[in-house]
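> Here it is, the structure in full.
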Amino acid sequence: PFVAKGEKETKVERRGKEVHVWMTCIRSHFAPDNIEGVKLGDEVYFHVTNLEQDWDVPHGFAIKGANNAELLIMPGETQTLKWVPSKVGMWPMYCTDFCSALHQEMSGYVRVSPANSSVPLNAYTVSVDAEL
């Protein structure tokens, strides 16, 4: 139920104090790669699906402050990482397994707001135009 089979299936959803993030990863980006509206006290579940077609291109996933170090996601797999933010601010998330020449582009941010914040839950992917 937590699998995103393509970038168009990615989303974020609040269920009380739980936030579920359906993510994908493929060389060389996560979708979504920017999330806002997470509140202090939330439990965030990142459900990350590796969309690679080549069997030998795993991706890693980590977010600063997570209790477990990282996920290692093989092509076609979906894995879940639970994260409880410890303070308000911008938290980086990133790929932890070298996957291509653009490996360092695989990153993003989660914006954590105070528990009483009215910032709506939202996720989006920043597009980079290769011609720029």
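The sequence shown begins at 1126 in the numbering used here and counts up one residue at a time. Ideal Cβ placement from N, Cα and C applies to all residues, glycine included.
1) Taking all protein chains shown into account, do 16 or more other C-beta atoms lie within 10 angstroms of the C-beta of alanine 1129, making it buried, or fewer, making it exposed?
2) Could you say which of Asp1167, Arg1236, Ser1242 lies nearest to methionine 1218 if we only look at CA atoms?
3) My output table needs one value for glutamate 1230: the three-state DSSP class, helix, strand or coil.
4) Pull up the DSSP beta-bridge partners for glutamine 1100, would you.
5) Distance, Cα to Cα, aspartate 1179 vs serine 1243?
6) Could you name the residues of the same chain whose beta carbon sits closer than 8 Å to that of valine 1137, not counting the 5 residues immediately before and after it, in chain order?
7) Sort Phe1171, Ser1238, Ser1153 by Cα distance to valine 1251 and report the nearest one.
8) I need the DSSP call for lysine 1142, collapsed to helix, strand or coil.
9) Glutamate 1132: which of Cys1150, Leu1196, Asp1181 sits nearest, CA to CA?
10) In whole angstroms, what is the alpha-carbon distance linking glycine 1214 and alanine 1187?
11) Just to check my reading of the structure: leucine 1196 and valine 1173 have Cβ atoms closer than 8 Å, yes? What is that Cβ distance to the nearest angstrom?
12) Straight-line CA distance for arginine 1139 to aspartate 1181?
Result, derived from the coordinates:
1) Around the beta carbon of alanine 1129, 16 or more other beta carbons lie within 10 angstroms, which makes this residue buried.
2) Arg1236
3) helix
4) Residue 1100 falls outside the range modelled here, since the chain spans only 1126 to 1257, and no answer is possible.
5) Cα to Cα, the separation comes out at about 42 Å.
6) Val1144, His1145, Val1146, Trp1147, Pro1157, Ile1160, Gly1162, Leu1246, Asn1247, Ala1248
7) Ser1153
8) Secondary structure at lysine 1142: coil, using DSSP grouped into helix, strand and coil.
9) Cys1150
10) 17 Å
11) 6 Å
12) 34 Å
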